[in-house]
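Student: So for the sequence shown, the numbering used here puts the first residue at 25; every next one is plus one. Dumping the structure here so I can ask a few things about it.
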Amino acid sequence: MEKIYREIIHLLHQAGELVKEELAQQDVVVSTKSSRSDLVTNIDKLVQNYLMSSLNVLIPNLKFLAEENGLTELSDFSGKVAVIDPIDGTNNMVLQQKDFCILLGLYEEKMGRCGFIYEVMGNHLLWGGPEIGVFYDDQPWQMQKDLSLEDGLISFNSKIFRENMLKSHELSQRALGIRMTGCAGLEMMDIALGNRVAYISNLQPWDYAAGQIILEALGMKVRTISGKSLSLNGRELMIAATPKAYQEILERIGHA
């Protein structure tokens, strides 16, 4: 299986090169989906199609749950499934040409096997799972410290913080500070790297699948705001955090 993972890492780097080429040519075609801030581009679709066609060769009988091209629902998670967000942080890619990533989560019989978070412009890759361990830029990685909320930074979905949902203002005052990057994958990468203690958001499965596999392999918590397992079915309010910060957040928002 490790050989397949190495092949997937190569595919992700190739996909990243496709993104950089399109951006360099200033050949980005932007359209909207559910709202004016919900963007999709030709690059999202290009990357998803490339990954799907390549993964189909590597892993026979693979099923897909993905953000684009009508693949946003999957009723049967039996067998092997790839959950793909071809560009997580599309708005950042369009407006800043940075702070976005490619996300891939691999499942077998609905069990997370391996997740990949590839930060394209910085060429940083966080990947791994419960069996193989976790790696950052090819170096073995472990949970840095089990920090409490008061000892680190917390990040939010902007709407959750703006509307003070889930006592987000109170939580931010308890933490050392807040951050919002507009990219779920990079927020979850930052938790793994020890740069955040928690992230609270409202995500689709392709936004959290890769990060959940990696963070749980490190001993972190990724759950709904009521402390239940994420369903991989539709948008869910969720918390990703160190164990200490997770417990404190549940207690403060009244779900412990």
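Ideal placement from N, C-alpha and C gives every residue a C-beta, glycine not left out. Everything numeric in this text was worked out from a predicted model, so none of it was measured.
By a C-beta neighbour count over all protein chains shown, 10 Å radius and 16 as the cutoff for buried, is glutamate 187 buried or exposed?
Tutor: Under this definition glutamate 187 is an exposed residue.
Student: Which of helix, strand or coil does DSSP assign to glycine 40?
Tutor: Glycine 40: helix per DSSP, three-state reduction.
Student: Would you identify the three-state DSSP class for serine 67, choosing helix, strand or coil?
Tutor: The residue asked about is misnamed: residue 67 is isoleucine in this sequence, not serine. It is helical.
Student: How far does the alpha helix (DSSP H) with serine 182 in it reach, from first residue to last?
Tutor: Serine 182 -> alpha helix (DSSP H) spans 182-186.
Student: DSSP three-state label for asparagine 226, please.
Tutor: Strand at asparagine 226.
Student: Pull up the distance between the alpha-carbon of valine 263 and that of phenylalanine 124, whole angstroms please.
Tutor: Before going on, a small fix: residue 263 reads as isoleucine here, not valine. If you take the alpha carbons of isoleucine 263 and phenylalanine 124, they lie about 20 angstroms apart.
Student: Taking the alpha-carbon positions, what's the aspartate 10 to lysine 183 distance?
Tutor: Nothing can be reported for residue 10: it is not among the residues displayed for the chain, which extend from 25 to 280.
Student: Does the distance from the CB of glutamine 72 to the CB of alanine 90 come in under 9 angstroms?
Tutor: Going by C-beta atoms, glutamine 72 is nearer than 9 angstroms to alanine 90.
Student: Could you give the uninterrupted runs of the alpha helix (DSSP H) lying entirely in the region 106-192, keeping only those of 4 residues or more?
Tutor: For the region 106-192, whole alpha helix (DSSP H) runs of length 4 or above, ordered along the chain, are 114-120, 182-186.
Student: According to DSSP, valine 246 sits in a beta bridge with which residue or residues?
Tutor: DSSP, once it has assigned bridges, lists Ala264 as partnering valine 246.
Student: Is any non-hydrogen atom of the ligand NAD found closer than 8 angstroms to the C-beta of leucine 86, if you look at the structure I gave you?
Tutor: Ligands are entirely absent from the displayed structure, and the ligand NAD is therefore not among its contents.
Student: Compute the Euclidean distance between the alpha carbons of lysine 69 and asparagine 85, then round it to the nearest angstrom.
Tutor: One C-alpha to the other measures close to 21 angstroms.
Student: Which residue wins for smallest C-alpha separation from methionine 76, given the options Thr56, Pro110, Asp51?
Tutor: The shortest Cα separation from methionine 76 among Thr56, Pro110, Asp51 belongs to Pro110.
Student: So, is the C-beta of leucine 79 closer than 9 angstroms to a C-beta in chain C?
Tutor: The structure shown contains no chain C; it is built from a single protein chain.
Student: By DSSP, does alanine 199 sit in helix, in strand, or in coil?
Tutor: Correct three-state label for alanine 199: coil.
Student: Do the region 25-35 and the region 148-158 make contact, defined as three or more Cβ pairs closer than 8 angstroms?
Tutor: With a cut-off of 8 angstroms, the region 148-158 and the region 25-35 count as touching, because enough Cβ pairs lie within range.
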